[in-house]
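K.L.:
Chains as they are written, first to last, in the working numbering: chain A, 1 to 319; chain B, 320 to 634.
For glycine and all other residues, C-beta sits at the position ideal for the given N, C-alpha and C.
Have a look at the structure that comes next, please.
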């Protein structure tokens, strides 16, 4: 529209323009609608995968869901092969992982958040933790193979596996500890100092107590990760066919606890699954599916608990 | 120590009031605790250093036998054969091909999911979906390996009858699905960090949600989104079990995803299962392969963090 056009045609062209604008708005609204459909589909895909994965495992493996599957050793005949050594091995490795990762991770988190001075040295540790979280798990396996198995001569044992997985989940524990400590207001600490508490008294009696839930969330997520992790343990050279149990940690003679199990050979659930999966015999694939279903249920339960816990904590916090 | 000093010390000790003496003990205790905590924090640094040291040490012995030029130029990787060749190229090509397939799946789906969650979804949808995405991140990779080998490959074989039982396509697709939640959540964080006023400005001009998302929010969050992609690549490169189970074991130089090929990680698993004697060239070769893997992921990780830091400073 130019300023010197007569009145009536201008009105007509405005009306024509208006139609064009309306058509454009319609088109854009349609685009909006189409994209939200595509977005919903993309979202569904993630959800559907999880469902398909789970249903597929159950369908393939349901024949093995009986008590015998848990109380039998692995065998050359698929229908007699069980998970006994694998779940016992997993439980013992998890125990070592917990003992290694939790005190160390929480202590490191406390140091970085409460004690560390702001200088290049603290920055170095921070960058390190971030980078460690991005190191592929199999590289931890190589570290364990070179350092724990051969240099420290711990062998392909439960102790080696526990230490390896402990180091692997250390960044997860450190990060969750720091995040939950950071959420605590300074006023809590100042109140402690005001009544004459030392730094450690404040940290131990107040900071640590209040961040307990957040730390627990991180620990559970870390342990779930360790439970499902197979690459580093394969790299250590863990045997895949184990038809014995490690010596019992609790004995009937004093002092009632022995540590022989730490140096015992072992297998864990994901390794057992990998072993069955890589056999050409189809019958073993059923065992693999059943094992997969068990691993997925346990890890989903653990992660679900952690997510629920975090949600509860977020909701309940009133500083 | 003579008598006089002992007496002197004794009297000093008496002179210090009990409260002050307790204070000294308190201070020592505080120092000790701080020291212990610092040692724990240093364990992270120690882990990194030991990883680098172990990889370098074993790789150095490896490179005493194998020339570093051959390592990067030879197109055959057969360290366990009579006629041994040590060219890392086949393993790198396998790794890159599976990662490329994974990204071709993960980048579009991840980005769309992120845009939808950040710009379109209601608060309630977002609060329900995010935990589910987190659950998907927690699924053990061996289970995804099962899925690739025994669920996806048979389906793909119906579409492509020539597809071998072990192939990079199926492993790559499953790996892609695996990293979708990761890319989606990092990219969504970046988009949510874009200030609300920018969206409001766009809406005030009459733009639709889709236009705002595409032309205002995405460009503003682009460095965070790119960082998500790069961290996703690093994940795909380091992923082990899916490719070890479903992609095959033959080290060949091929960028065709319909073929079967070994990746760096799959090779390490294969050797570790074979129980090679400590100190043999085969044993050392997995450390050299690990060093290459570590270098690749480290580059991507650092790049990703640098890009992500940049956008954080922007607002």
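#1: The alpha helix (DSSP H) that contains residue 212 of chain A, what's its start and end?
#2: Tell me which residues share the same chain as residue 545 of chain B and place their Cβ nearer than 6 angstroms to its Cβ, disregarding the 5 neighbours each side in the sequence.
#3: Report the rounded CA-to-CA distance for residue 375 of chain B versus residue 408 of chain B, giving the unit in angstroms.
#4: Could you pull the start and end residues of the alpha helix (DSSP H) that residue 87 of chain A belongs to?
#5: Leaving out five residues on either side along the sequence, give the residues of the same chain with a beta carbon under 7 angstroms from the beta carbon of residue 58 of chain A.
#6: Restricting to runs no shorter than 3 residues, where is the beta strand (DSSP E) found entirely within the region 59-84 of chain A?
#7: Mind listing, in chain order, the continuous alpha helix (DSSP H) runs of no fewer than 4 residues lying wholly within the region 343-405 of chain B?
#8: What residues in the region 518-539 of chain B have a beta carbon less than 9 angstroms from any beta carbon of chain A?
#9: Roughly how many angstroms lie between the CA atoms of residue 616 of chain B and residue 418 of chain B, to the nearest whole one?
#10: Between residue 138 of chain A and residue 180 of chain A, is the Cβ-Cβ spacing less than 8 angstroms?
#11: Taking 8 angstroms as the CB-CB cut-off, is residue 29 of chain A touching chain B?
#12: Do we get a CB-CB distance below 8 angstroms when we pair residue 442 of chain B with the residues of chain A?
#13: What distance in whole Å lies between the Cβ atoms of residue 208 of chain A and residue 363 of chain B, which are believed to be in contact at a cut-off of 8 angstroms?
#14: Just verifying my parser: in three-state terms, what is the DSSP assignment at residue 569 of chain B?
#15: Would you mind sorting residue 441 of chain B into buried or exposed? The rule is 16 or more other CB atoms within 10 Å of its CB.
#16: Counting only runs that start and end within the region 563-625 of chain B, where is the alpha helix (DSSP H) found for 4 or more residues in a row?
#17: Can the beta-carbon of residue 581 of chain B be found less than 8 angstroms from the beta-carbon of residue 567 of chain B?
#18: Consider the Cβ of residue 270 of chain A: report whether some Cβ of chain B lies at a distance smaller than 8 angstroms.
#19: Strictly below 9 angstroms CB to CB, what residues from chain A border residue 511 of chain B?
#20: Please confirm whether residue 464 of chain B has its beta-carbon closer than 8 angstroms to some beta-carbon of chain A.
#21: For chain B, check one thing: does any of its Cβ atoms lie closer than 8 angstroms to the Cβ of residue 185 of chain A?
#22: At the level of alpha carbons, what is the spacing between residue 301 of chain A and residue 218 of chain A?
#23: Could you check whether the Cβ of residue 353 of chain B sits closer than 8 angstroms to any Cβ belonging to chain A?
#24: With 16 as the cutoff for other CB atoms within 10 Å, does residue 712 of chain B come out buried or exposed?
#25: Please specify which runs of the alpha helix (DSSP H), each continuous and at least 4 residues long, are wholly inside the region 401-441 of chain B, giving them in chain order.
#26: For residue 118 of chain A, name the three-state secondary structure that DSSP assigns.
#27: By DSSP, does residue 486 of chain B sit in helix, in strand, or in coil?
#28: Between the C-alpha atoms of residue 167 of chain A and residue 154 of chain A, what's the straight-line distance to the nearest angstrom?
#29: Considering only the beta carbon of each residue, do residue 355 of chain B and residue 107 of chain A sit closer than 8 angstroms?
#30: Measuring CA to CA, which of A:197, A:213, A:262 and A:44 is closest to residue 499 of chain B?
#31: Rank B:530, B:502 and B:483 by C-alpha distance to the C-alpha of residue 551 of chain B and give the top, closest one.
#32: Figure out for me which residue from A:144, A:54 and A:182 has the closest Cα to the Cα of residue 109 of chain A.
#33: Short of 7 angstroms Cβ to Cβ, which residues in the region 485-510 of chain B face chain A?
#34: For a contact meaning CB atoms closer than 7 angstroms, what does residue 367 of chain B contact in chain A?
#35: Going straight from the alpha carbon of residue 573 of chain B to that of residue 607 of chain B, what length do you get?
#36: Under 8 angstroms by Cβ, that's how I've got residue 511 of chain B and residue 579 of chain B pegged, so tell me the actual separation to the nearest angstrom.
P.N.:
On the basis of the coordinates in this document:
#1: 212-228
#2: 626
#3: 20 angstroms
#4: 84-110
#5: 293
#6: none
#7: 387-392
#8: 525, 526, 527, 528, 529, 530, 532 and 533
#9: 12 angstroms
#10: no
#11: yes
#12: no
#13: Contact flag wrong, Cβ pair sits at about 20 angstroms.
#14: coil
#15: exposed
#16: 583-592
#17: yes
#18: yes
#19: Per Cβ cutoff of 9 angstroms: no residues; residue 511 of chain B is ~15 angstroms from chain A at best.
#20: yes
#21: no
#22: 14 angstroms
#23: yes
#24: Here chain B covers residues 320 to 634 and nothing more, so residue 712 of chain B does not appear.
#25: 408-434
#26: coil
#27: coil
#28: 16 angstroms
#29: yes
#30: A:44
#31: B:502
#32: A:182
#33: 496, 499 and 500
#34: 128, 131 and 132
#35: 21 angstroms
#36: That pair is no contact at about 41 angstroms.
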